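Heads up: the structure comes next, in C-alpha cells.
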Amino acid sequence: MTHTDTAEPLRYAAFTADPAGGNPAGVVLDATGLTDDRQLAVAARLGYSETAFLTAVPGADRAWNVRYFSPLAEVPFCGHATIAAAVALGELHGPGGLRFGTKAGEVPVEVTAAEGGGYAATLTSVPTAVEEIAAEDVAEALALLDWSPEELDPRHPPRIAYAGARHLVLAAATRDRLARLAYDFDGLAALMRRLDLTTLQLVWEQDATTYHVRNPFPVGGIVEDPATGAAAAALGAYLRQVHGLDGTRLTLHQGEDLGRPGLLTVDLVPGRAGVEVTGRAVRI
621 MTHTDTAEPL RYAAFTADPA GGNPAGVVLD ATGLTDDRQL AVAARLGYSE
671 TAFLTAVPGA DRAWNVRYFS PLAEVPFCGH ATIAAAVALG ELHGPGGLRF
721 GTKAGEVPVE VTAAEGGGYA ATLTSVPTAV EEIAAEDVAE ALALLDWSPE
771 ELDPRHPPRI AYAGARHLVL AAATRDRLAR LAYDFDGLAA LMRRLDLTTL
821 QLVWEQDATT YHVRNPFPVG GIVEDPATGA AAAALGAYLR QVHGLDGTRL
871 TLHQGEDLGR PGLLTVDLVP GRAGVEVTGR AVRI
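Using the working numbering, you'd call the opening residue of the sequence shown number 621 and step up by one each time.
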C-alpha cells in the first residue's frame, strides 16, 4: 500500500467468514510517515471501532509495529483489528508466524489456512492481570447501564481484567438482560475514562465454556463493538483467575444482538502468561 492509499485502508470483517458479520476493521499495511493526527483522521473517516496501522520493522522477518486508532482516540491494543491485519498479511505473504509490536507489548500471531478457504489467525495476548473494583464504581456502572444488582450473576463477581487493554467484566444472570442494552453514553464514557477502561465486557454464561458477550465502547465513540478480541482475552484471564480455568477452550458469541454475529475462540494454555484468541477474517 502506498501513502496515497492510506485514506482508503483495506476493510475486513473479523471473527467471521461473512463480510456482513463480525466486527469491521480498517487495516493500513504501510503507515510509514503517517502522523498521529493523520492516523486518527483516517480512523475517524472510516468510522469502524478500530483501524490498525502497520509499519514493518527494519531488518526483521515478518515483524511489524502496529498502532490502533478508534474514531476518537488511540488504544493500546485491539484484538479484532489484529486478527484482520494478520489475515491481510497472510493473504499477501502466506501462512505462518508474525510478530506485532504494540503499545501494550509484543503480540505473536499465527496465521493458518482456514477450512473451506481463506485464513484464520491466533493472537497470544500480553501477560494478563485481574483486579478487584470498588463497590461504588460497580454501582455507578450498573446505574449507567440501567441494570439492577439483582440482574447480575452472583457466580461471576465484577472485576477489571487486562490482556493489553482494561475491561470491566459484568455478568448478566439471564440472556434477556444481556439482550437489552440501552445505556447513558456520556456518563459511561466518563466513568470508563476515570477507571482507564477500553470497553465493558458484558457476559452471559450459556455453559461452562460457552459465553454470549457484548461490549459498550463509548470512549471510542462507538455505542457497541460487534466482536472484541482484546476483551475476549481479558475474559479468559478473568475466568482463569476467578474460577481456576486452565487448559480450557472457550467459545464466545458476540454481535448477535447487533445483527453481525461473530465467533471468538479463546484458549487458556497451562503455563502461558497470555491468552490465545482465534478467529477468521474476510475482506469487505
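Note that beta-carbon positions come from the ideal geometry of N, C-alpha and C, so glycine has one too.
Please read these numbers as outputs of a predicted model, since none were measured by experiment.
Is residue i buried or exposed, if buried means 16 or more other CB atoms sit within 10 Å of its CB?
{"i": "L712", "result": "exposed"}
{"i": "H787", "result": "buried"}
{"i": "D845", "result": "buried"}
{"i": "Q874", "result": "buried"}
{"i": "A627", "result": "With a pLDDT of only 39 at A627, under the threshold of 50, the placement of this residue in the model should not be trusted; the figure read from the coordinates follows. That one is exposed."}
{"i": "E670", "result": "buried"}
{"i": "P769", "result": "exposed"}
{"i": "D625", "result": "Only weak support exists for where D625 lies, its pLDDT of 48 falling under 50; the value from the coordinates is given anyway. The residue in question, D625, is exposed, as its Cβ has fewer than 16 Cβ neighbours within 10 Å."}
{"i": "G849", "result": "buried"}
{"i": "P644", "result": "buried"}
{"i": "Q826", "result": "exposed"}
{"i": "H863", "result": "exposed"}
{"i": "P774", "result": "exposed"}
{"i": "T830", "result": "exposed"}
{"i": "G736", "result": "exposed"}
{"i": "T655", "result": "exposed"}
{"i": "R834", "result": "buried"}
{"i": "A809", "result": "buried"}
For residue i, which three-state DSSP category applies?
{"i": "E735", "result": "coil"}
{"i": "V843", "result": "strand"}
{"i": "P836", "result": "strand"}
{"i": "T624", "result": "Here T624 scores only 37 on pLDDT, less than 50, and its place in the model should not be relied on; the value that follows carries that caveat. Three-state result, T624: helix."}
{"i": "F635", "result": "coil"}
{"i": "P691", "result": "coil"}
{"i": "P769", "result": "helix"}
{"i": "V758", "result": "helix"}
{"i": "E752", "result": "coil"}
{"i": "V647", "result": "strand"}
{"i": "A640", "result": "coil"}
{"i": "A763", "result": "helix"}
{"i": "L630", "result": "strand"}
For the alpha helix (DSSP H) that contains residue i, what are its first and last residues?
{"i": "H713", "result": "G699 to H713"}
{"i": "R786", "result": "Where R786 is concerned, there is no enclosing alpha helix (DSSP H), although the beta strand (DSSP E) it sits in stretches over R786 to A791."}
{"i": "L660", "result": "D656 to L666"}
{"i": "L798", "result": "R795 to A799"}
Do residue j and residue i have their beta-carbon atoms positioned less than 8 Å apart in this structure?
{"i": "A781", "j": "A857", "result": "yes"}
{"i": "L764", "j": "L817", "result": "no"}
{"i": "Y632", "j": "R880", "result": "no"}
{"i": "V731", "j": "A741", "result": "yes"}
{"i": "V897", "j": "V886", "result": "yes"}
{"i": "F673", "j": "T702", "result": "no"}
{"i": "V677", "j": "A901", "result": "no"}
{"i": "R800", "j": "V839", "result": "no"}
{"i": "G899", "j": "G641", "result": "no"}
{"i": "A828", "j": "G699", "result": "no"}
{"i": "L884", "j": "L872", "result": "yes"}
{"i": "D766", "j": "Y803", "result": "yes"}
{"i": "G679", "j": "A663", "result": "no"}
{"i": "F635", "j": "A847", "result": "yes"}
{"i": "L709", "j": "V727", "result": "no"}
{"i": "A854", "j": "A755", "result": "no"}
{"i": "G738", "j": "A637", "result": "yes"}
For residue i, write down the residues that DSSP places opposite it in a beta bridge.
{"i": "D827", "result": "T830"}
{"i": "V727", "result": "F720"}
{"i": "T652", "result": "The partner list for T652 (beta bridge, DSSP) is empty, contrary to what the question assumes."}
{"i": "A740", "result": "T732 and R900"}
{"i": "L820", "result": "L788"}
{"i": "V686", "result": "L674"}
Could you tell me the boundaries of the beta strand (DSSP E) in which residue i lies?
{"i": "E896", "result": "E896 to R903"}
{"i": "L884", "result": "G882 to L888"}
{"i": "G849", "result": "Segment G849 to H863 is the alpha helix (DSSP H) holding G849; no beta strand (DSSP E) there."}
{"i": "L811", "result": "From DSSP, L811 is part of no beta strand (DSSP E) but of the alpha helix (DSSP H) over F805 to L815."}
{"i": "R892", "result": "Premise fails: R892 is in no beta strand (DSSP E) and is neither H nor E."}
{"i": "H873", "result": "T868 to Q874"}
{"i": "A680", "result": "Counting along the chain, A680 falls outside any beta strand (DSSP E), and DSSP gives it neither H nor E."}
{"i": "R779", "result": "R779 to Y782"}
Counting only C-beta atoms, is residue i closer than 8 Å to chain D at any point?
{"i": "L630", "result": "Annotation note: the requested chain D is absent from the structure, which comprises a single protein chain."}
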